[in-house]
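These notes concern the structure reproduced below.
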């Protein structure tokens, strides 16, 4: 398909070399791409260096990493819906000192991979300038920067999923498929192993490519068949064979159970509606939407290849709808959709820029870049401040327990299981919210933690009964509210039932 700047459908498309990103990269283009990578690296480094305490999911993946590195093995506290790919990668780099910074840096590196995949895809479809615009947009989009600076699987899964789709697009860009199409299989398997939820967005893109370039794919049906069967087989095996993920239950069954327990199908639409300002208000997102609106004008003038544009818009739209239908409404879950917004919107922004006189265009570009950088850094700083307020008390209490335990075996009854496990080093069990229940000591110190946040803690008479059974707190601190630690090893014990 044609991807040169200013090429329209009325101009015969030049045959594209198989597995081409749209021609050789010039020195100026390479420098521009390097500058985008450096800006992204600087923005995420600032956020990671002053990063907040780990959240629930971050702590879960961090503890899984520590357990892998120390030979503990996977614990029952981590259900089968948590993919093992990210902890497996992180455990290869394990070092206790500075672990959190290192974990977040690895995730940020996947974010840089997402920028690169977006650049290659957009360049192939719409040309050199559009590729740089799309790469810069993805590098500075706040809904992508936020999860890229946390120990979460959203960005790694989105990166590998888009890589699989991009490889498919590039390998089918000539008159017949390139043998590079076989690389889709390991990329797709990696995406699923890193994030089980990457399967649906990736499937949307791969199916769309197959339909769009079906005539090309027919010219190399053997390689296409091997790729399709290998990809489907790898994805199904990872999702359904427990041994491949180190659990006693298939990931597919575990995810279905989780979905039914957190609101059921289609609940994502309501969640995204509540988070609409966070989804569309950032300047980078508004700019991409403006580009998407503008690109329609040039497409109607036949100055942008209509099939490539329709492909990009369709994949992005269906991906967003599928995520809303199948997952909860958290903005970070849209990580696979935002790159498509930039791929589709970049040629419109490119042509808007080319319509301006040269000096004006340079000034506008500089102002927009500065605005997006400031907005990206500022948004991450605000996020870090909020998270420090909400997660800081948990870390403080956990560290107090670690000091009290002084390396002795310990168990904590808590509402914040993975965070308390990471920061205290103790085993953890959840509250029984209907009756007082502590685990049997069995040679371990047993602590109970009451946090200011009532989430997942017993309330009313049950909470009063817990306090009475535990005795006087051994630690009381004003950490965002009254937080108390009780040593309950000597209290009347019963076997806890989670």
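Residue numbers (our numbering): 32 to 529. Backbone N, C-alpha and C fix where the C-beta goes; we use that ideal spot for every residue, glycine too.
Excluding its 5 nearest sequence neighbours in each direction, residue 81 has C-beta neighbours in its own chain below 7 angstroms: 415, listed in chain order. Taken in chain order, the unbroken stretches of beta strand (DSSP E) that lie wholly in the region 420-457 and span 3 residues or more are 441-445.
Residue environment analysis places residue 252 among the exposed positions, since fewer than 16 neighbouring C-beta atoms fall within 10 angstroms of its C-beta. The secondary-structure analysis by DSSP pairs residue 515 across a beta bridge with 481, 507. For residue 387 and residue 314, the gap between their C-alpha atoms comes out near 21 angstroms. The beta-carbon distance between residue 161 and residue 193, rounded to whole angstroms, is 16 angstroms. This is too long to meet the 8 angstroms contact definition. Look at the beta carbons and you see the region 490-501 not touching the region 394-413: under three pairs across the two are nearer than 8 angstroms. A direct Cα-Cα distance of roughly 16 angstroms separates residue 65 from residue 55.
Here residue 360 is buried. Its C-beta has 16 or more other C-beta atoms within 10 Å.
Rounded to whole angstroms, the gap between the alpha carbons of residue 120 and residue 429 is 26 angstroms. Per the coordinates, the alpha-carbon of residue 302 lies some 43 angstroms from the alpha-carbon of residue 389.
Residue 308 has its alpha-carbon roughly 27 angstroms from the corresponding atom of residue 153. A buried status is given to residue 141, since no fewer than 16 other beta-carbon atoms sit within 10 Å of its beta-carbon. DSSP places residue 124 in the coil class of the three-state scheme, outside both helix and strand. One thing to note: residue 195 has its Cβ no nearer than 8 angstroms to the Cβ of residue 165. Judged by beta-carbon spacing, residue 227 lies beyond the 8 angstroms limit of residue 189, meaning their Cβ atoms are not closer than that value.
The Cβ atoms of residue 214 and residue 198 sit closer than 8 angstroms to each other.
Here the alpha carbon of residue 438 sits roughly 16 angstroms from the alpha carbon of residue 472. The beta carbon of residue 211 lies closer than 6 angstroms to those of 50, 202 in the same chain, with the five residues before and after it left out. Contact annotation: residue 258 and residue 216 have beta-carbon atoms nearer than 8 angstroms. Beta bridge pairing from DSSP links residue 461 with 445. Burial of residue 185 is indicated by the presence of at least 16 other C-beta atoms within 10 angstroms of its C-beta. DSSP, read as helix, strand or coil, puts residue 171 in coil. Counting only runs of 4+ residues, the alpha helix (DSSP H) found wholly inside the region 165-223 occupies 173-179, 185-202, in chain order. When DSSP states are grouped into helix, strand and coil, residue 77 belongs to the helix group. Excluding residues up to 5 positions away in sequence, 190 lie with their Cβ nearer than 6 angstroms to the Cβ of residue 144 in the same chain. As the crow flies, the alpha-carbon of residue 247 is around 10 angstroms from that of residue 209. Between the region 377-386 and the region 253-272, the count of C-beta pairs closer than 8 angstroms stays below three; the two stretches do not touch. Among the bridge pairs identified by DSSP, residue 476 is matched with 441. In this structure, 118 is the residue among 108, 111, 87, 118 with its C-alpha nearest to the C-alpha of residue 101. Judged by their CB atoms, residue 454 and residue 436 are not nearer to each other than the 8 angstroms cut-off.
Contact between residue 139 and residue 70 does not hold, since the beta-carbon distance rounds to 13 angstroms and is not under 8 angstroms. DSSP places residue 253 within a helical segment (H, G or I) once states are collapsed to three.
In the structure shown, residue 60 adopts helical secondary structure according to DSSP, grouped into three states.
A direct Cα-Cα distance of roughly 20 angstroms separates residue 518 from residue 484. Rounded to the nearest angstrom, the Cβ distance from residue 126 to residue 99 is 13 angstroms, too far for a contact under 8 angstroms.
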